[in-house]
Amino acid sequence: MRTLVVNSGEIAHMSHGDTAKPLIGKKMGDKDLNIYSEGLGILVEDGVILSITDSEELISEYAPSWDGNSEMIGNMNIIDAKGGAIIPGFVDSHTHLIWGGDRSNEMALRQRGLSYSEISKLGGGISRTVETTRSRSIQELVDLGVQRASNALRLGTTTMEAKSGYGLSTESELKLLEATERVNQVSACDIHATWLGAHDVPKHTTKQEYIEELIGKQLPMVVQQGIAEWADVFCEPGWFTIDDTIEIITASKNMGLGSRIHADEFVDSGGLGITAELGSISADHVAKSDDDSRAKAHDSGVMQTFLPGTQYVLGIDEFPPMKKCVENSWAFSIATDFNPNCNTISMPFVGSIATHRCGIDPITALAASTRNPSTTLKNNKNKNYGVISENNSASFNILHSKKVESWCQSPGMNPISKTLANGIIVKHN
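Take the sequence shown: its position 2, counting from 1, is numbered 487 in the numbering used here, and each next residue is one higher.
1) Starting from Ser657, follow the alpha helix (DSSP H) in both directions and report where the run begins and ends.
2) From the DSSP secondary-structure annotation, give me the bridge partner or partners of Leu489.
3) The beta strand (DSSP E) that contains Pro573, what's its start and end?
4) Tell me whether Thr691 sits in a helix, a strand or coil according to DSSP, three-state version.
5) Does the distance from the CB of Ala816 to the CB of Ile509 come in under 8 Å?
6) Closer than 6 Å by C-beta to Arg487: which residues in its own chain qualify, once you throw out the five before and the five after it? Chain order, please.
7) Here's the rule I'm using: 16 or more other beta-carbon atoms within 10 Å means buried, otherwise exposed. How should His689 be labelled?
8) Counting only the same chain and skipping the five closest in sequence on each side, list residues whose C-beta sits under 7 Å from that of Gly743.
9) Give me the residue from Ala683, Val771 and His677 with the minimum Cα distance to Leu699.
10) With distances taken from CA atoms, which of Val615, Ser657 and Thr730 is nearest Val707?
11) Could you check whether Pro722 and Ser754 sit closer than 8 Å to each other, using their CB atoms as the reference points?
12) Going along the chain, which residues of its own chain have a beta-carbon closer than 8 Å to the beta-carbon of Met557, five neighbours each way excluded?
13) Take every Cβ of the segment 514 to 524, pair it with every Cβ of the segment 593 to 603, and state whether three or more of those distances are shorter than 8 Å.
14) For the beta strand (DSSP E) that Ile733 lies in, which residues bound it at each end?
15) Who does Leu905 pair with in a DSSP beta bridge?
16) Would you mind reading off the limits of the alpha helix (DSSP H) that contains Met706?
17) Identify every residue that forms a DSSP beta bridge with Cys720.
18) Run the CB neighbour count on Met898, radius 10 Å, all protein chains shown included, and call it buried at 16 or more, exposed below.
19) Can you tell me whether Val491 is buried or exposed, with buried defined as 16 or more other CB within 10 angstroms of its CB?
20) Give a yes or no on contact between the segment 601 to 617 and the segment 663 to 675, applying the rule of three or more CB pairs nearer than 8 Å.
21) For Gly513, which residues of its own chain have a beta-carbon under 6 Å away from its beta-carbon, when the five flanking residues on both sides are left out?
22) When you compare the CB positions of Thr643 and Ala906, do they come within less than 8 Å of one another, or not?
23) Going by other Cβ atoms of all chains shown within 10 Å of its Cβ, with 16 needed for buried, is Pro549 buried or exposed?
24) Judging by CA-CA distance, which residue of Thr691, Phe719, Met499 and Gly800 is the nearest neighbour of Ile873?
25) How many angstroms separate the CA atom of Gly871 from the CA atom of Thr855?
26) Taking 8 Å as the cut-off, decide whether the C-beta atoms of Met807 and Thr860 are in contact.
27) With distances taken from CA atoms, which of Trp680, Thr679 and Ile696 is nearest Pro687?
28) Checking 8 Å against the spacing of the C-beta atoms, do Ser818 and Pro896 come in under that value?
29) Could you give the first and the last residue of the continuous beta strand (DSSP E) run that contains Glu646?
30) Please go through the segment 798 to 839 and give each complete alpha helix (DSSP H) segment of 4 or more residues, from N-terminal end onward.
31) For Trp963 versus Tyr651, is the C-beta spacing smaller than 8 Å?
32) Going by the C-beta, is Tyr870 closer than 7 Å to any heavy atom of the ligand NAD?
33) Does the beta-carbon distance from Val798 to Cys843 come in below 8 Å?
Structure representation (structure tokens):
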């Protein structure tokens, strides 16, 4: 099936240089390197971009009888972008997509001055969500995941990573991963699964007993199941230590899983520093990490993934040091951290926080939301996510505005008029 998109505004192709590598430093926000001028068209076939060239040339060759209004000619879809800018589909590389329950009551606790850790000790936080998630059937979890993936797609996300972690038992973690795969099978959004059994220690067991279960029982069954691509650990004081993380990730690596690690969200415990030694693809949160660890991570190919929505919902004034990463040419991405506490799955909203609170420009934020996170995810079709270029995945968004920068400048509103996800047209009302 072919689709022809014509009459574009600016196109943020983000494809400068080797697209298997992230953009860094000033190249992230360089409009000359990353943006085509208006008036181009994009020809798509079977989910792949065949050509990007002048709209009139494409119309003349592939749709000479087009009347300027029809949406179909023969077996070809035609989309008139009407001057709307085009950007890559967002790549949300850190989500907790599937869980049950509601923790909106915790806002009042935070306003009373309780910390994330204190709320957890009172029975809230992760352990509360674990209880409600375990009680849901797999079909209920799939239904929740499908709705959330649909919401993400409506907001322009065409690729995402999704973690387990709200089961905290072998049976429940496997159920969450199975639900994730079922959502992936029916969603136009590409979903990549991560096993986060080490999210917290379940009630009525010791941490050492649970680590033994994670490594001796849960991990082998996760690998046998064949859904998860990575292992993850919540490496924070009060949850899992550096030594715990090394033990769990090393065992996972020995069984063929890659790793992505939660680290240094609340304090600098050295979590980012060990990711280089462990060969992790990504270290997430890392708001409190020191500069030496950031440099070491970059030199080792570890992506720093910032989650500014977390600081936003926790009322923390110190946001991730994105501007410093640009100044030092350290690779970084941004993601939603969608979860019961940070309950947003909108990359445009997270991009707005990045520009308004973290000091980076909209084009840099776009690179951190598309191409850069795409380098941490595998595409089974050997096509790159996060860029708009010939012979790559046809996953992109058409904006209401003619200007690329508008993608993150209207929090609370959807800047996107249409989305193509691997060539599948998604219309937004």
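Ideal Cβ positions, reconstructed from N, Cα and C, are used throughout, including at glycine.
The relevant details are as follows:
1) Thr655 to Val671
2) Leu528 and Ile563
3) Ile571 to Pro573
4) coil
5) yes
6) Glu530 and Met561
7) exposed
8) Glu714, Trp715 and Ile766
9) Ala683
10) Ser657
11) yes
12) Ile563
13) no
14) Premise fails: Ile733 lies in the alpha helix (DSSP H), Ile727 to Asn739, not in any beta strand (DSSP E).
15) Phe881 and Ile910
16) Leu704 to Gln710
17) Phe725 and Ala748
18) exposed
19) buried
20) no
21) With the sequence shown as reference, residue 513 is identified as Met, and Gly is not the correct amino acid for it. Counting only Cβ-Cβ distances below 6 Å, and skipping sequence neighbours, we find Thr849 and Ala852.
22) yes
23) exposed
24) Met499
25) 4 Å
26) no
27) Ile696
28) no
29) Thr642 to Lys648
30) 807 to 813
31) Look at the range of the chain in this structure, 486 to 914, and you will see that residue 963 is not part of it.
32) Of ligands this structure carries none, so the ligand NAD is not represented either.
33) no
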